[in-house]
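Peer 1: Structure provided below as structure tokens; questions to follow.
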């Protein structure tokens, strides 16, 4: 009496599965659409609100952090997104960094740093492109070297140096070695 | 609609919201182009910005000069001291405010920060800026020339660079109104030993000033007595 739905015809000889069991069958009996969905899921990894990580975080895929991370984050060729609930106290290295939460530490990106409305960065940024939205908080320095420019000798040191105390109310800086007398 | 069209439209919308979607007025500036020219010969200058962080300004200076920008928003410090009732300690605070090494900064963007400071605080700040500025470095500052209007809600101005010749003035709430304008001689004394190299009085009653620190004497070797 009911017409069978031809679209959910099983592939590769797998038996047809009832719709109610779809959630348990996604892995064992994927449809034509499911591999794409899974690829997207695999490429964007989330660290949830309740997760706290202390130490070094390395990866080779895009990452969204909603939890707390302390230490060092390195996603050399990928995008790091700090979600609205994310709190980072770390040195960050990535291809692109999008900040909607809080970052306390130096951020180095090979392509772009984007601090969105409500996002906060206390630290030095090294990136060829930087966007800071009007409602964003930023305290520190921005280093946007022209393409092909050689980094200053003290620069790497600066990017890996710890942030000064908040009481000092300023950002860390390393300047060229020239410390000429002021007067 | 093609995906590339969608992205280009988004980029355009984002750029508009950053640069000019606000209704705030755009005013001409004479001194900004000179400030940039004064730094353009430096390979990788370091700029100290005393205003609030403005993303499009960071991009502008980055693209023009390939520089490093240090943002030290003084308006937040002023507000915090007023809120905590510690305004009399502000000059002392300013003397310790800047951790930068002596002679390490190539250019300083003061915008109109001095308009909001009393004389003691202004002197303390100027001394620090003179200290951190490197020889031959430049400092850009704006000073109001008219008395502050009473009865208005106090406002700071966020200066957004439109181009080398135009700035958008975007107001935002301040805890302290502008103080009495400084006469020209007081400005000169404030920044001694810096030298005023450019000065413009705009129709908007804004005095734009570019100061330069004297370059180091050529060579470090002492001059021979016979010379």
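Residue numbers (the working numbering), protein chains in the order written: chain A, 519 to 701; chain B, 7 to 233.
We treat Cβ as the ideally placed atom computed from N, Cα and C, and that holds for glycine.
In this text, all values refer to a predicted model and were calculated from it rather than measured experimentally.
#1: Any idea if residue 91(B) is buried or exposed, counting beta-carbon neighbours within 10 angstroms, 16 or more meaning buried?
#2: Grab the span of the beta strand (DSSP E) containing residue 44(B) for me, first residue to last.
#3: With a threshold of 6 angstroms on Cβ separation, who are the neighbours of residue 154(B) within its own chain once the five nearest residues in sequence on each side are excluded?
#4: By Cβ distance below 6 angstroms, which residues in the same chain neighbour residue 574(A) in space, the five residues on each side in sequence not counted?
#5: Pull up the DSSP beta-bridge partners for residue 658(A), would you.
#6: Can you tell me whether residue 638(A) is helix, strand or coil according to DSSP?
#7: Please go through the same chain and pick out, in chain order, the residues whose beta-carbon is closer than 7 angstroms to the beta-carbon of residue 124(B), but skip the five residues on each side of it.
#8: Considering just the uninterrupted stretch of the beta strand (DSSP E) at residue 6(B), what are its terminal residues?
#9: Does DSSP put residue 34(B) in a helix, a strand or coil?
#10: When the Cα atoms are used, what is the spatial distance from residue 116(B) to residue 644(A)?
#11: So what's residue 624(A) in DSSP terms, helix, strand or just coil?
#12: Helix, strand or coil for residue 87(B)? Go by DSSP, reduced to three states.
#13: With DSSP as the reference, label residue 195(B) as helix, strand or coil.
#14: In whole angstroms, what is the alpha-carbon distance linking residue 129(B) and residue 141(B)?
#15: According to DSSP, simplified to helix, strand and coil, what is residue 93(B)?
#16: Put residue 564(A) into one of helix, strand or coil per three-state DSSP.
#17: Could you have a look at residue 595(A) and say whether DSSP puts it in helix, strand or coil?
#18: Can you check DSSP and say which residues form a bridge with residue 612(A)?
#19: If you pair each beta-carbon of the stretch 97–112 of chain B with each one of the stretch 47–63 of chain B, do three or more pairs fall below 8 angstroms?
#20: I want to verify the contact list: residues of chain B whose CB lies under 8 angstroms from the CB of residue 656(A), in sequence order.
#21: Checking 8 angstroms against the spacing of the C-beta atoms, do residue 601(A) and residue 621(A) come in under that value?
#22: Report the partner residues of residue 148(B) according to the DSSP bridge assignment.
#23: From residue 213(B) to residue 194(B), what distance separates their C-alpha atoms?
#24: To the nearest angstrom, report how far apart residue 83(B) and residue 204(B) are at their CA atoms.
Peer 2: From the atom records:
#1: Residue 91(B) is exposed by the Cβ-count criterion.
#2: For residue 44(B), no beta strand (DSSP E) segment is defined; the enclosing uninterrupted segment is the alpha helix (DSSP H) at 37–45.
#3: Contacts found: 183 and 184.
#4: For residue 574(A), same chain residues with a beta-carbon under 6 angstroms away, outside a window of 5 residues either side, are 589 and 590 in chain order.
#5: According to DSSP, residue pairing for residue 658(A) in a beta bridge involves 77(B).
#6: DSSP places residue 638(A) in the strand class (E or B) of the three-state scheme.
#7: Answer for residue 124(B): 185, listed in chain order.
#8: Residue 6(B) falls outside the range modelled here, since chain B spans only 7 to 233, and no answer is possible.
#9: Annotated three-state conformation of residue 34(B) is strand, per DSSP.
#10: Their Cα atoms are separated by approximately 23 angstroms.
#11: Look at residue 624(A) here: in three-state DSSP terms it is coil, with no helix or strand label.
#12: For residue 87(B), the three-state secondary structure derived from DSSP is helix.
#13: Residue 195(B): helix per DSSP, three-state reduction.
#14: Roughly 20 angstroms separates the two Cα atoms.
#15: Helix, per DSSP.
#16: Residue 564(A): strand per DSSP, three-state reduction.
#17: Correct three-state label for residue 595(A): strand.
#18: Beta-bridge pairing by DSSP links residue 612(A) to 593(A) and 627(A).
#19: Because the criterion of three Cβ pairs below 8 angstroms is met, the stretch 97–112 of chain B and the stretch 47–63 of chain B touch.
#20: Listed by position along chain B, the residues whose Cβ is nearer than 8 angstroms to that of residue 656(A) are 59 and 77.
#21: Residue 621(A) sits away from residue 601(A), with the two beta carbons spaced by 8 angstroms or more.
#22: Per DSSP, 214(B).
#23: Each residue's Cα considered, the two are about 13 angstroms apart.
#24: Distance from the CA of residue 83(B) to the CA of residue 204(B), rounded to the nearest whole angstrom, comes to 29 angstroms.
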